[in-house]
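Counting from 1, one number per residue, gives the positions in the sequence shown under UniProt numbering. For every residue, glycine included, the Cβ atom is placed at its ideal position computed from N, Cα and C. Remember, predicted model here, so these are calculated numbers, not experimental data.
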Amino acid sequence: MSAPTATLRKACRNCTKSKRKCSVQLPRCIRCTKKRLACSYDLEPLSTNPDSESPVEEKQAPELCYLELAPSLHIQRTYSAINIRIERSHIHYVIWVLQQTPDLVQAGSVSSLVHPKLHFGGTRNHLAHVAAMLERPHSRQFSDLLAVDVDHVPLQDAISAIQALILYLIRFLFSTTPGIQEHAESHLWLLAHWAGKLLASAWCRIPAGLSPWQAWLLGETTRRAIIMAYFVSCSFTGWKYGFCRHKLLFESLPFDGRVGLWKAESPQAWIATAGARIGSEVGTHLQSFHEFGGRVSKSFNPDDDTFLMLVQVAHNGKKRACSEVTLCSE
Numbered sequence: 001m002s003a004p005t006a007t008l009r010k011a012c013r014n015c016t017k018s019k020r021k022c023s024v025q026l027p028r029c030i031r032c033t034k035k036r037l038a039c040s041y042d043l044e045p046l047s048t049n050p051d052s053e054s055p056v057e058e059k060q061a062p063e064l065c066y067l068e069l070a071p072s073l074h075i076q077r078t079y080s081a082i083n084i085r086i087e088r089s090h091i092h093y094v095i096w097v098l099q100q101t102p103d104l105v106q107a108g109s110v111s112s113l114v115h116p117k118l119h120f121g122g123t124r125n126h127l128a129h130v131a132a133m134l135e136r137p138h139s140r141q142f143s144d145l146l147a148v149d150v151d152h153v154p155l156q157d158a159i160s161a162i163q164a165l166i167l168y169l170i171r172f173l174f175s176t177t178p179g180i181q182e183h184a185e186s187h188l189w190l191l192a193h194w195a196g197k198l199l200a201s202a203w204c205r206i207p208a209g210l211s212p213w214q215a216w217l218l219g220e221t222t223r224r225a226i227i228m229a230y231f232v233s234c235s236f237t238g239w240k241y242g243f244c245r246h247k248l249l250f251e252s253l254p255f256d257g258r259v260g261l262w263k264a265e266s267p268q269a270w271i272a273t274a275g276a277r278i279g280s281e282v283g284t285h286l287q288s289f290h291e292f293g294g295r296v297s298k299s300f301n302p303d304d305d306t307f308l309m310l311v312q313v314a315h316n317g318k319k320r321a322c323s324e325v326t327l328c329s330e
C-alpha cells in the first residue's frame with residue numbers, strides 16, 4: 001500500500017485568517033500574489049529531494065520585498081516546497097548607507113534623518129550632545145538620553161531624542177568589539193517604544209505658528225525618524241538573525257515621497273522644487289513605504305534623497321533598484 005501523499009489545504013493561512021476565498025497555487029495564491037504577502041499553507045507538498053534547487057523565476061523575484069525574504073535565511077529547505085533565492089547585498093548596502101549618517105549629521109549636512117535647516121523650538125536639543133555619545137558606548141550623555149520621557153517633553157525634544165538614539169545605535173550595533181554590540185542591542189526595545197509613542201501622538205503635538213516650510217520639515221522629520229527607527233532595527237536583525245520584526249507596520253508607515261523637497265535648503269528652493277507658487281500650495285503628499293517602494297522610477301537619482309533610495313533598495317533589493325535607477329555606489 002502506497003504512502004499517503006501530502007496535499008495543499010483549500011486555503012492559505014492569510015486567506016483563512018481574513019476569511020477570503022483562496023485560489024490555491026504555488027508559490028503563492030492569487031490573492032497573496034496581488035497583495036505581495038508571504039503565502040504559506042499548513043500542509044505543503046515537500047520536495048522529494050531536499051538538496052535540489054528550485055529558485056523563484058527571475059520575473060517573480062522583484063515581487064518579493066526584502067522584508068519577506070529575510071526570514072527564509074533561517075528556514076530549513078524541507079519546510080517549504082520552493083527555495084527562495086536570497087539577495088544579501090541589499091542588507092549590506094542599507095547598513096553601509098546608514099553608517100554614513102552620524103558623520104553627515106555631525107558635519108551639519110542634510111542626511112536621511114536630520115535636516116539642518118529645521119529650527120529647533122523645544123527646550124533641549126539632544127543632538128547637541130550626540131558627538132559625546134558617539135565617542136564611546138558608555139557616556140554620561142547617553143545615560144541622560146535614556147532618562148527622557150518622550151511623552152512629557154515638547155515634540156521637538158522627543159524627536160531629537162529618538163534621532164540621537166538612532167545615531168547611537170547605528171554607530172555601535174554593528175561593532176565587532178566584544179560587549180559593545182550586545183550593549184547597543186539591549187536598547188532596541190527603547191527605540192521601538194519611542195517610535196511607537198511618536199507615531200501615536202506626534203500629530204497632536206505640532207506647535208502652532210510655523211511657516212509652511214518649517215511645518216513641512218517638522219512633519220517630515222517626525223515621519224522619517226519613525227521609519228529610520230525601523231530601518232535600523234530591521235537592518236540589524238536581518239543582518240544578525242535573518243528576520244525583520246514589525247514588517248506590516250514598517251510597510252504601512254507614511255512619508256512625503258516627492259523627490260527633491262527634503263534636499264531643499266531654503267523655503268524658495270522648496271517651493272520651486274514642488275512646482276508651486278507659494279508655500280501653502282506645497283502641502284503634504286503622503287505615500288506608504290510599500291506604495292513608494294513598489295514603484296521604481298528610472299529618473300530617480302540617489303543623490304536627490306538618500307532616504308528615498310534606502311526605501312527603494314529595502315523594498316526591491318539592491319540589484320533591481322540600482323539597475324533601474326542611477327547606479328548605487330559602494
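Please name the residue or residues paired with residue i in a DSSP beta bridge.
{"i": "residue 288", "result": "254"}
In or out: residue i buried (at least 16 other Cβ within 10 Å) or exposed?
{"i": "residue 203", "result": "exposed"}
{"i": "residue 230", "result": "buried"}
{"i": "residue 213", "result": "buried"}
{"i": "residue 317", "result": "buried"}
{"i": "residue 312", "result": "buried"}
{"i": "residue 70", "result": "The predicted position of residue 70 is uncertain, since its pLDDT is 48 and thus under 50; no value can be drawn from it."}
{"i": "residue 283", "result": "exposed"}
{"i": "residue 306", "result": "buried"}
{"i": "residue 163", "result": "buried"}
{"i": "residue 78", "result": "Below a pLDDT of 50, predicted positions are generally treated as unreliable, and residue 78, at 41, falls in that range; the measurement from the model is reported next regardless. Classification for residue 78: exposed."}
{"i": "residue 116", "result": "exposed"}
{"i": "residue 103", "result": "exposed"}
{"i": "residue 261", "result": "buried"}
{"i": "residue 206", "result": "exposed"}
{"i": "residue 220", "result": "buried"}
{"i": "residue 119", "result": "exposed"}
{"i": "residue 178", "result": "exposed"}
{"i": "residue 132", "result": "exposed"}
{"i": "residue 19", "result": "exposed"}
{"i": "residue 152", "result": "exposed"}
{"i": "residue 146", "result": "exposed"}
{"i": "residue 270", "result": "buried"}
{"i": "residue 161", "result": "buried"}
{"i": "residue 264", "result": "buried"}
{"i": "residue 293", "result": "buried"}
{"i": "residue 140", "result": "exposed"}
{"i": "residue 28", "result": "buried"}
{"i": "residue 128", "result": "exposed"}
Considering only the beta carbon of each residue, do residue i and residue j sit closer than 8 Å?
{"i": "residue 123", "j": "residue 157", "result": "yes"}
{"i": "residue 232", "j": "residue 191", "result": "yes"}
{"i": "residue 211", "j": "residue 279", "result": "yes"}
{"i": "residue 165", "j": "residue 194", "result": "yes"}
{"i": "residue 94", "j": "residue 314", "result": "yes"}
{"i": "residue 310", "j": "residue 89", "result": "no"}
{"i": "residue 11", "j": "residue 22", "result": "yes"}
{"i": "residue 288", "j": "residue 252", "result": "yes"}
{"i": "residue 222", "j": "residue 167", "result": "no"}
{"i": "residue 331", "j": "residue 137", "result": "For residue 331 there is no data in the structure shown, the boundaries of the chain being 1 and 330."}
{"i": "residue 225", "j": "residue 159", "result": "yes"}
{"i": "residue 91", "j": "residue 238", "result": "yes"}
{"i": "residue 134", "j": "residue 236", "result": "no"}
{"i": "residue 303", "j": "residue 259", "result": "no"}
Below 8 Å on the Cβ atoms is my guess for residue i versus residue j; work out the distance and round it to an integer in Å.
{"i": "residue 217", "j": "residue 254", "result": "That belief does not hold up - the Cβ atoms of residue 217 and residue 254 are roughly 16 Å apart, past 8 Å."}
{"i": "residue 170", "j": "residue 98", "result": "5 Å"}
{"i": "residue 130", "j": "residue 105", "result": "7 Å"}
{"i": "residue 257", "j": "residue 198", "result": "Not confirmed; about 20 Å, so no contact."}
In chain order, which alpha helix (DSSP H) runs of at least 4 residues are fully inside the segment 91-129?
Correct list: 101-106.
Which parts of the segment 156-227 are runs of the alpha helix (DSSP H), unbroken and 4 residues or longer, counting only runs that do not cross its ends?
Unbroken alpha helix (DSSP H) stretches of 4 residues or longer found wholly inside the segment 156-227: 180-185 and 188-201, given in chain order.
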